[in-house]
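Colleague: Pasting a structure here, questions to come.
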Amino acid sequence: MTGPRAASVALLYPGDRAARDRADPAASRFAALFEALAAAGVTAEPAIYHDDFADEVAAQLRRVQAVLVWCNPIEDGRRRDRLDALLCEVAAAGVLVSANPEAILRLGTKDVLFETRDLPFGSDVHRIDSLAQLETELPQRLRQGARVLKQHRGHSGIGVWRVEASAGGGLTVQHAQRGSKPQHMDMPALKATLAPYFEPEGGGHMIDQAWQARLPEGMVRAYLVEDRVTGFGLQAVNALHPDAPVPGPRLYHGPELPGFQDLKQQLESTWITLLRERVGLAREQLPLLWDCDFMLGDAKADGARRYVLCEINVSSVSPSPPSSIAPLVEAVLRCAQHARQGNQSRLD
């Protein structure tokens, strides 16, 4: 009689054929996670992914109980369409996938800012469905101050634009992608610049969020394993900082970081529940690892600090704070056990 089979997990991240052929857990950016999984008795293997050998990766994933995925919405010019379809097929076969493409669509696009605009961490947000709507509505909102226009799904500041009315009726426009500089343009030029985001392959719409005046004070990223905060990342200078075109480093801290326990308490006690209920996710559908970026908003009437959601990252969140690794391993073990039990039930 044999004992229970050890949990088996694949860590999927992008690379070419050469990277897949020479894949070495100890040399990857997830070396610490591979080591922690091994110490917990989990058999973990790299699953280097590219569309060119997607079928090979799919066969590999069907042999494990869980797969942790790190792949940006746009990777080397390619979108995730084929990978997402593959992951949905693998998940339907009984493999735990985190983050599941369905969870990404509910949480990891800029639409979440519109869906949660009336929640405690929400802000003045609108959805723009056409260039004609952009031309009609944006000038009215610019009279109240700068706006930030965000494409449906992206990363690293790609497709995020700060727009402000300038003297003479023109516009000052700043792309959040690293290395970009402010540009002066009129409405026709802005429409031409943003037109790709309104094409079907670009998401078909944009999200318009009010500029937060306290953004130069920095941003805080809360790292989460399921519904628990496991660390923080603080960034004093971000891509749209008005006085520094080059973003500064993100400094990582554990979950007990002084000064942000109010954010931790609010997330764990109510905000995550409000968030997942609003977007239609059960607790067990939450990603094993994800993060939320917050800006500082205007203080509340009682003087308490207010946080404004900037974006949620789900597609490619690394366990950057070391404090996130142990909770992530624990979650993998628990979920892999549930996956084993579910698969056994289907066989019985």
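At position 192 of the sequence shown (counting the first as 1) the number is 492 in our numbering, and the numbers step up by one without a gap. Just so it is clear, CB atoms sit at the ideal spot from N, CA and C, and this is done for glycine as well.
1) Under the rule that 16 or more other beta-carbon atoms within 10 Å means buried, what is G503, buried or exposed?
2) Based on the DSSP output, what are the partners of Y313 in its beta bridges?
3) With the cut-off set at 7 Å, would you say G531 and P555 are in Cβ contact?
4) Thinking just about the alpha-carbon of each residue, which of E584, G469, L368, Q477 is nearest to the one in G457?
5) For D316, is the classification buried or exposed, using 16 other Cβ atoms within 10 angstroms of its Cβ as the cut-off for buried?
6) Which same chain residues end up closer than 7 Å to P401 when comparing Cβ atoms and leaving out the 5 residues on each side of it in sequence?
7) Do S620 and I404 come within 7 Å of each other at the CB atom, strictly closer than that value?
8) Using the C-alpha atoms, what's the distance from D352 back to A306?
9) For Y349, tell me which candidate among T343, A323, V537 has the shortest Cα-Cα distance.
10) Would S480 pass as a contact of T472 if the rule is Cβ separation under 7 Å?
11) Can you tell me where the alpha helix (DSSP H) with K491 in it begins and where it stops?
12) Can you tell which of V369, A522, V390 has the C-alpha that lies nearest to the C-alpha of E611?
13) Given a cut-off of 7 Å on the beta-carbon distance, is the pair L449 and D508 in contact?
14) Which of the three DSSP states, helix, strand or coil, is assigned to L551?
15) Count the C-beta pairs between the stretch 321-340 and the stretch 357-367 that are closer than 8 Å, then say yes if the count reaches three, no if not.
16) Which term fits R382, buried or exposed, when burial requires 16 or more other beta carbons within 10 angstroms of its beta carbon?
17) Return the residue from the list Q561, P516, F560, H455 that minimises the CA-CA distance to G548.
18) Could you check how far apart the C-beta atoms of W571 and F421 are, in whole angstroms? I think they sit under 8 Å.
19) With DSSP as the reference, please indicate the residues paired to S687 in a beta bridge.
20) Excluding the 5 residues preceding and the 5 following H426 in the sequence, name in chain order all residues of the same chain whose CB lies nearer than 6 Å to its CB.
21) Among residues of its own chain, excluding the 5 on either side of L419, which ones have a beta-carbon nearer than 6 Å to its beta-carbon?
22) Could you tell me the boundaries of the beta strand (DSSP E) in which E611 lies?
23) So, for H455: in the same chain, excluding its five sequence neighbours on each side, which residues have a beta-carbon less than 6 Å away from its beta-carbon?
24) In whole angstroms, what separates the C-alpha of V632 from that of A366?
25) For R606, which residues of its own chain have a beta-carbon under 8 Å away from its beta-carbon, when the five flanking residues on both sides are left out?
26) Which term fits S623, buried or exposed, when burial requires 16 or more other beta carbons within 10 angstroms of its beta carbon?
27) Quick check for students: name the residue ranges of the alpha helix (DSSP H) that lie wholly in the stretch 568-625, counting only runs of 4 or more.
28) Could you check whether the Cβ of V448 sits closer than 7 Å to any Cβ belonging to chain D?
29) Please give me, in chain order, every unbroken run of the beta strand (DSSP E) with length at least 3 that falls completely inside the stretch 375-423.
Modeller: Looking at the coordinates:
1) Residue mapping note: residue 503 aligns to position 203 of the sequence shown, counting from 1. That one is buried.
2) Within the sequence shown, the letter at position 13 stands for residue 313. Bridge partners of Y313: I348.
3) Within the sequence shown, residue 531 is the residue found at index 231, counting from 1. Within the sequence shown, residue 555 is the residue found at index 255, counting from 1. Yes, Cβ-Cβ distance for G531 and P555 is below 7 Å.
4) Looking up residue 457 in the sequence shown gives position 157. Nearest of E584, G469, L368, Q477 to G457, Cα basis: Q477.
5) Locating residue 316 in the sequence shown gives position 16, counting from the first residue. Under this definition D316 is an exposed residue.
6) Residue 401 sits at position 101 when you count from the first residue of the sequence shown. Taken in chain order, the residues that qualify are D384, L387, C388.
7) Numbered from its first residue, the sequence shown carries residue 404 at position 104. Numbered from its first residue, the sequence shown carries residue 620 at position 320. No, these two residues do not count as a Cβ contact at 7 Å.
8) If you number the sequence shown from 1, residue 306 lands on position 6. If you number the sequence shown from 1, residue 352 lands on position 52. Cα-Cα distance, rounded: 31 Å.
9) The residue labelled residue 349 in the question sits at position 49 within the sequence shown. Of the listed residues, the one whose Cα sits closest to Y349 is A323.
10) As a working note, residue 480 is residue 180 in the sequence shown. As a working note, residue 472 is residue 172 in the sequence shown. In this structure, T472 does not lie closer than 7 Å to S480 by Cβ.
11) What you label residue 491 is simply residue 191 of the sequence shown in a count that begins at 1. 487-494 is the extent of the alpha helix (DSSP H) around K491.
12) For the purposes of this step, residue 611 is taken as residue 311 along the sequence shown, with counting starting at 1. When only C-alpha atoms are compared, the closest one is A522.
13) The residue you call residue 449 lines up with position 149 of the sequence shown. The residue you call residue 508 lines up with position 208 of the sequence shown. Yes.
14) By 1-based counting over the sequence shown, the position of residue 551 is 251. Of the three classes helix, strand and coil, the one that applies to L551 here is strand, per DSSP.
15) no
16) Counted from its first residue, the sequence shown places residue 382 at position 82. So R382 counts as exposed.
17) Locating residue 548 in the sequence shown gives position 248, where the first residue counts as 1. The shortest C-alpha separation from G548 is found at P516.
18) On the sequence shown, position 271 is the one that residue 571 refers to. On the sequence shown, position 121 is the one that residue 421 refers to. So it is a contact: roughly 6 Å between Cβ atoms.
19) This structure gives no information on residue 687, because the portion of the chain shown stretches from 301 to 648.
20) Position 126 of the sequence shown, counted from the first residue, corresponds to residue 426. Excluding positions up to five away in sequence, the list reads D508.
21) As a first step, residue 419 must be located in the sequence shown, where it is residue number 119. So the qualifying residues of the chain are L574.
22) Along the sequence shown, read from residue 1 onward, the residue named residue 611 stands at position 311. It spans 607-613 - the beta strand (DSSP E) in which E611 sits, taken as one unbroken run.
23) For the purposes of this step, residue 455 is taken as the residue at position 155 of the sequence shown. So the qualifying residues of the chain are N372, P373.
24) Here residue 632 refers to the residue found at position 332 when the sequence shown is read from its first residue. Here residue 366 refers to the residue found at position 66 when the sequence shown is read from its first residue. Rounded to whole angstroms, V632 to A366 spans 8 Å at the Cα level.
25) Counting from one through the sequence shown, the residue named residue 606 turns up at place 306. Contacts found: L596, G597, D598, A599, K600.
26) As a position in the sequence shown, residue 623 is number 323, starting the count at 1. S623 comes out buried.
27) 572-579
28) Looking for chain D here will not work: only one protein chain is present.
29) 396-398
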